[in-house]
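To keep things clear, I will list the structure first and then write my remarks on it.
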Ligand SMILES: [Zn+2]
Ligand SMILES: [Zn+2]
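In my numbering, the protein residues as written are 3 to 299.
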């Protein structure tokens, strides 16, 4: 019997709101709540990936106003705390064009199990695709232009080689129909990112966070996931939980989704080394998934 496994790596121990201090959320009790939720959901591998902009050290990378406002904690105190728990140690780090060497130095100085690379901000200025306060769509916005810029940034993020997992790969769709959508076939926008994913070998995150957002869909879209799978990409599975009750959120749907695109394995990380495991709940025989999983093991 092969072991099967679920992971939840892209995970936050606190909500994004103001006033969520390190002292209040980085506690053994709070970690216990996340571990209990993972256990109940049959998730074996649980890791935390705090936003890099929560740390003072992030201001070496960028001085975006949101970062300046939030960069209060010490990244080494975070690493030390997480190492004292059963959680895997990760971090969610934005790709900041031009800051590659400083990002590499910040990440390389710590013993992370994995690094989740993300794109939230696009183009010139401070605008974000997913943030009300810095909304790229404010005052209109050309959908073709914004989608093109987003996926070019995502391609650069993948190609940078700085990260292990490519976060929420089509985050630009987060607002769903409440923001303009391109008229064209979306696959034209995905193309440069898929090429970069294939070349870099970065793991593509399947994130159920989108199910909790206005778009109401998993990241990435089915079409993007299919293109990645066809290009030979491997996948990582996460909920992007910000609360214990969001651990493993929508995983039945995510497993169905992955099986639907013919993916039967997921990436598991330790000390920034990657291996592949059968996708499935812990304790469930992988053979039960085998027929439907289409895994080419
Ligand atoms: Zn993110
Ligand atoms: Zn996140």
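Note that CB positions come from ideal geometry on N, CA and C, so glycine has one too.
Asked, Found
"Beta-carbon gap between residue 314 and residue 54 smaller than 8 Å", "This structure leaves residue 314 out entirely; the chain is present only between 3 and 299."
"Bounding residues of the beta strand (DSSP E) (the contiguous stretch that carries residue 96)", "90-96"
"Proximity test, residue 25 beta-carbon vs ligand 1 heavy atom, cut-off 7 Å", "no"
"Residue 133 Cβ short of 7 Å to ligand 2 heavy atom set", "no"
"C-alpha gap between residue 122 and residue 34, whole angstroms", "30 Å"
"Beta-carbon proximity check, residue 202 vs residue 160, cutoff 8 Å", "yes"
"heavy atom of ligand 1 below 7 Å from residue 169 C-beta", "yes"
"C-beta atoms of residue 36 and residue 249 nearer than 8 Å", "yes"
"Residue 104 and residue 62 closer than 8 Å at C-beta", "yes"
"Three-way DSSP call (helix, strand, coil) for residue 87 in this model", "coil"
"Test item: CB-CB of residue 139 and residue 186 under 8 Å", "no"
"Residue environment, residue 171, which counts as buried when at least 16 other CB atoms sit within 10 Å", "buried"
"Beta-carbon separation (whole angstroms), residue 2 vs residue 227, contact threshold 8 Å", "Past the boundaries of the shown model lies residue 2; the chain is included only from 3 to 299, so the question cannot be answered."
"Candidates 81, 110, 204 and 108: closest to residue 169 by CA position", "204"
"Alpha helix (DSSP H) runs contained entirely in the segment 103-188, provided each spans 4 or more residues", "145-161"
"Three-state class that DSSP yields for residue 28 in the structure shown", "coil"
"Span separating the alpha-carbon of residue 156 from that of residue 42", "34 Å"
"Residue interval of the alpha helix (DSSP H) (run including residue 259)", "253-262"
"Alpha-carbon spacing of residue 177 relative to residue 191, whole angstroms", "17 Å"
"Residues that residue 270 bridges to, as DSSP identifies them", "277"
"Anticipated Cβ contact below 8 Å, residue 2 with residue 60, distance rounded", "It is not possible to answer for residue 2, since the shown part of the chain is limited to 3 through 299."
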